[in-house]
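Residue numbers (the working numbering), protein chains in the order written: chain A, 5 to 163; chain B, 350 to 870. Positions of the beta carbon are idealized from the N, C-alpha and C atoms, including for glycine. The model shown is predicted, which means the values in this text are computed figures rather than measured ones. The next block holds one structure in the form of structure tokens; read it before the comments.
As structure tokens, then:
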């Protein structure tokens with residue numbers, strides 16, 4: 005945790021993940037495994053996946069039905085093959101998720117991840133997106149036109 | 350702050366403060382007309398805006414409950430979000446990008462030019478390009494449009510460099526960084542762009558024209574504008590003679606009446622049609638000004654699509670003015686391509702949050718993460734073209750679902766016309782060729798977003814039986830009722846609609862002032 009973005013995220017603290025009798029004790033770990041298969045970014049460390057997993061659990065915590073669906077889904081994945089989901093080879097784990105992609109369990113997980121994980125500041129940094137710019141005076145002096153692998157194009161309309 | 354009495358029946362009421370309503374308000378106030386402008390949303394300003402896509406969306410977007418139906422993909426992916434427009438003072442002019450092409454002459458005569466396209470309800474506008482040209486000039490000068498009337502062009506940003514070089518390589522010639530309604534140099538008391546890259550999240554500098562920063566402050570300075578935010582109009586009322594006499598609106602949960610000499614509706618196409626339908630009465634049983642049955646029908650959303658291309662080297666498409674790049678070569682009429690109408694290509698960029706949500710809604714897995722992992726090296730463009738009006742594409746009231754005020758929500762039904770499908774397929778293919786010509790290693794065809802261009806539900810027509818309003822946007826059935834937004838578009842043309850909405854509002858204001866002078870209103 006030496007880079008400023010990670011340090012800032014750490015300083016802001018993690019959300020409180022409420023325990024629930026409807027979820028397995030290792031729900032976060034199980035969710036992280038699913039997310040890494042469903043959203044397999046090569047360069048991502050565990051942090052964004054863990055924060056997303058925790059966010060998903062917090063999101064459903066007020067809704068017993070969704071919490072039960074999440075718990076059932078995580079446990080049910082282990083029954084899809086002879087080997088528990090967490091021990092499957094990546095290609096086989098992906099095949100399992102493709103089989104259950106239409107379930108409310110997976111739809112909830114997918115849609116929540118799309119909204120949350122790609123707003124994560126560390127993810128932005130990993131993808132090469134700089135986020136807020138107005139507070140830095142925009143990009144007028146910070147590379148809005150620094151692409152140099154193509155010729156400078158005409159900007160005026162043809163006469 | 351000017352405040353007129355609710356019982357003051359001398360005022361003109363404008364519903365909505367966006368490109369149409371806000372411009373009309375200023376034009377009327379400058380001419381000495383007293384105006385009450387009722388805006389459903391809050392009064393957000395530059396300090397409120399955030400450079401973060403989801404929080405900005407939550408802050409600005411019109412997210413009141415709506416429903417959808419029909420075969421278009423938005424109904425499946427975003428069933429309660431048919432349109433991405435703004436609920437705030439300044440309306441959708443606070444989140445538009447700024448592209449300002451004019452209509453072409455034949456686009457005002459789509460029925461005559463394109464002929465009888467099966468399934469389409471094409472109709473010629475009751476006005477011509479020549480009628481609108483003086484007002485296009487006024488609108489461009491008002492908005493400080495680049496490349497026009499001596500206004501300098503914006504410089505090339507990174508996304509434009511890829512776009513323009515690709516265009517040149519495939520033989521397009523009509524490309525430029527505008528016309529675009531954001532300042533390249535200071536103009537009208539507003540600064541030059543600092544290329545901060547945020548448009549859809551609100552403009553924190555004021556470099557971009559919007560009614561929030563350009564029209565409404567000038568209108569307020571006259572003392573003739575009473576601008577009321579967080580006031581949602583529920584119904585337009587009329588007297589026994591069938592002339593409108595005011596509006597009922599919710600403010601802080603309570604219903605109020607504002608009297609009016611005339612009412613101008615500019616709530617953006619879905620809400621404008623909904624309001625007329627909500628204003629039914631024994632005299633107007635099918636909705637106000639709806640003897641033609643056209644209110645809500647012929648809803649258009651422009652043919653849209655996007656193309657995102659990945660390269661081996663960095664692009665940083667998010668830096669700089671989002672849409673300051675236009676290719677017009679495909680905007681003309683050439684039925685050899687397999688469709689009528691034309692389309693523009695315009696640079697476009699989304700941040701990771703919105704790219705993830707919209708690049709291929711519902712996607713996940715390695716194919717999806719490959720797109721996201723290429724973010725830094727990605728260039729993007731938007732395809733905006735003329736879609737075919739169809740009577741079955743329409744806004745209706747959904748009485749089964751009520752909004753926070755207890756009013757039936759609008760349902761938006763939409764099916765693509767075969768012409769739309771053919772144009773989109775052609776456009777995707779040619780956009781991919783443009784990018785491959787400069788080295789794209791992967792190109793994604795992105796389907797339409799929730800509609801930002803919403804048009805046609807109160808179409809302008811020469812004959813009262815063919816449409817809702819006449820050549821001035823004045824209702825055929827009700828002499829002191831006007832429609833002042835994109836709802837009046839008879840057909841959609843290929844051009845982004847804001848410039849034309851502003852031109853029509855300036856023209857309509859002249860007409861209203863003239864009618865007031867002669868005592869007709």
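CB contact check: residue i to chain B, cutoff 8 angstroms
| i | result |
| --- | --- |
| residue 129 of chain A | no |
| residue 159 of chain A | yes |
| residue 147 of chain A | yes |
| residue 74 of chain A | no |
| residue 136 of chain A | yes |
| residue 103 of chain A | no |
| residue 85 of chain A | no |
| residue 5 of chain A | Any reading at residue 5 of chain A needs caution, since the residue's pLDDT is 36, under 50, leaving its predicted position unreliable; the model's value is listed next. No, because no Cβ of chain B sits closer than 8 angstroms to the Cβ of residue 5 of chain A. |
| residue 68 of chain A | no |
| residue 133 of chain A | yes |
| residue 33 of chain A | no |
| residue 25 of chain A | no |
Chain D contact residues for residue i, given Cβ-Cβ distances below 7 angstroms
| i | result |
| --- | --- |
| residue 460 of chain B | Although the question refers to chain D, the structure presented lacks it and instead comprises the protein chains A and B. |
Chain-ordered chain B contacts of residue i [CB-CB under 7 angstroms]
| i | result |
| --- | --- |
| residue 162 of chain A | 522 and 523 |
| residue 93 of chain A | Those within 7 angstroms of residue 93 of chain A in chain B number zero; the least Cβ separation is about 14 angstroms. |
Closer than 9 angstroms at the beta carbon, the chain B residues around residue i
| i | result |
| --- | --- |
| residue 46 of chain A | 718 and 722 |
| residue 119 of chain A | 403, 702, 705 and 706 |
| residue 150 of chain A | 507, 663, 665 and 668 |
CB contact below 8 angstroms: residue i versus chain A
| i | result |
| --- | --- |
| residue 425 of chain B | no |
| residue 539 of chain B | no |
| residue 797 of chain B | no |
| residue 526 of chain B | yes |
| residue 517 of chain B | yes |
| residue 742 of chain B | no |
| residue 532 of chain B | no |
| residue 845 of chain B | no |
| residue 448 of chain B | no |
Residue closest to residue i, alpha-carbon to alpha-carbon, out of the options
| i | options | result |
| --- | --- | --- |
| residue 564 of chain B | B:822, B:374, B:818 and B:718 | B:374 |
| residue 673 of chain B | B:708, B:700 and B:731 | B:731 |
| residue 780 of chain B | B:768, B:769, B:793 and B:771 | B:793 |
| residue 720 of chain B | B:819, B:828 and B:658 | B:658 |
| residue 344 of chain B | B:454, B:599, B:783 and B:424 | Nothing about residue 344 of chain B can be read from this structure; chain B reaches only from 350 to 870. |
| residue 45 of chain A | B:834, B:716 and B:801 | B:716 |
| residue 858 of chain B | B:380, B:353 and B:601 | B:380 |
| residue 811 of chain B | B:821, B:803 and B:802 | B:821 |
| residue 350 of chain B | B:459, B:574, B:641 and B:489 | B:574 |
| residue 417 of chain B | B:773, B:796, B:760 and B:867 | B:760 |
Chain-ordered neighbours of residue i on chain B, where CB pairs are closer than 8 angstroms
| i | result |
| --- | --- |
| residue 57 of chain A | Residues of chain B passing the Cβ test: none, with the nearest at roughly 15 angstroms. |
| residue 112 of chain A | By Cβ distance, chain B contributes nothing, its closest Cβ being about 12 angstroms from residue 112 of chain A, past 8 angstroms. |
Coil, strand or helix - residue i by DSSP
| i | result |
| --- | --- |
| residue 747 of chain B | strand |
| residue 43 of chain A | coil |
| residue 823 of chain B | strand |
| residue 629 of chain B | coil |
| residue 97 of chain A | helix |
| residue 701 of chain B | helix |
| residue 413 of chain B | coil |
| residue 5 of chain A | Per-residue confidence for residue 5 of chain A stands at a pLDDT of 36, beneath the threshold of 50, marking its modelled position as unreliable; the derived number appears in the next sentence. Coil, per DSSP. |
| residue 74 of chain A | helix |
| residue 734 of chain B | strand |
| residue 426 of chain B | helix |
| residue 831 of chain B | strand |
| residue 603 of chain B | strand |
| residue 378 of chain B | helix |
| residue 92 of chain A | coil |
| residue 675 of chain B | strand |
| residue 581 of chain B | strand |
| residue 710 of chain B | coil |
Amino acids of chain A, ordered along the chain, whose beta-carbon sits closer than 8 angstroms to that of residue i
| i | result |
| --- | --- |
| residue 487 of chain B | None at all; the shortest Cβ gap to chain A is about 21 angstroms. |
Proximal chain A residues relative to residue i, where beta-carbon distance stays under 9 angstroms
| i | result |
| --- | --- |
| residue 444 of chain B | Here the premise fails: no neighbours, minimum Cβ distance about 15 angstroms. |
Partners in chain A for residue i, counting only beta-carbon separations shorter than 7 angstroms
| i | result |
| --- | --- |
| residue 545 of chain B | 137, 138, 142 and 143 |
| residue 433 of chain B | Per Cβ cutoff of 7 angstroms: no residues; residue 433 of chain B is ~15 angstroms from chain A at best. |
- Do the region 600-617 of chain B and the region 380-399 of chain B touch if we need at least three Cβ pairs shorter than 8 angstroms? Segments in contact, yes.
- Task: Take every Cβ of the region 610-626 of chain B, pair it with every Cβ of the region 700-712 of chain B, and state whether three or more of those distances are shorter than 8 angstroms.
- Result: Contact between the region 610-626 of chain B and the region 700-712 of chain B is absent, because fewer than three Cβ pairs lie under 8 angstroms.
- Inspect the CB distances between the region 511-531 of chain B and the region 438-455 of chain B and report whether three or more fall short of 8 angstroms. Proximity of the region 511-531 of chain B to the region 438-455 of chain B meets the contact definition, three or more beta-carbon pairs being nearer than 8 angstroms.
- Are there three or more Cβ pairs, one per stretch, closer than 8 angstroms when the region 643-652 of chain B is compared with the region 516-526 of chain B? No, the region 643-652 of chain B is not in contact with the region 516-526 of chain B.
- Does the region 567-575 of chain B touch the region 361-378 of chain B, meaning 3 or more C-beta pairs lie closer than 8 angstroms? Verdict: yes, contact present.
- Does the region 621-635 of chain B touch the region 747-755 of chain B, meaning 3 or more C-beta pairs lie closer than 8 angstroms? No contact exists between the region 747-755 of chain B and the region 621-635 of chain B.
- Query: Would you call the region 809-827 of chain B and the region 128-147 of chain A in contact, with 3 or more CB pairs under 8 angstroms?
  - Reply: Remark: fewer than three beta-carbon pairs, one from each stretch, lie closer than 8 angstroms, so the region 809-827 of chain B and the region 128-147 of chain A are not flagged as touching.
- Query: Are there three or more Cβ pairs, one per stretch, closer than 8 angstroms when the region 503-522 of chain B is compared with the region 393-411 of chain B?
  - Reply: Taking 8 angstroms as the limit for Cβ pairs, the verdict is that the region 393-411 of chain B does not touch the region 503-522 of chain B.
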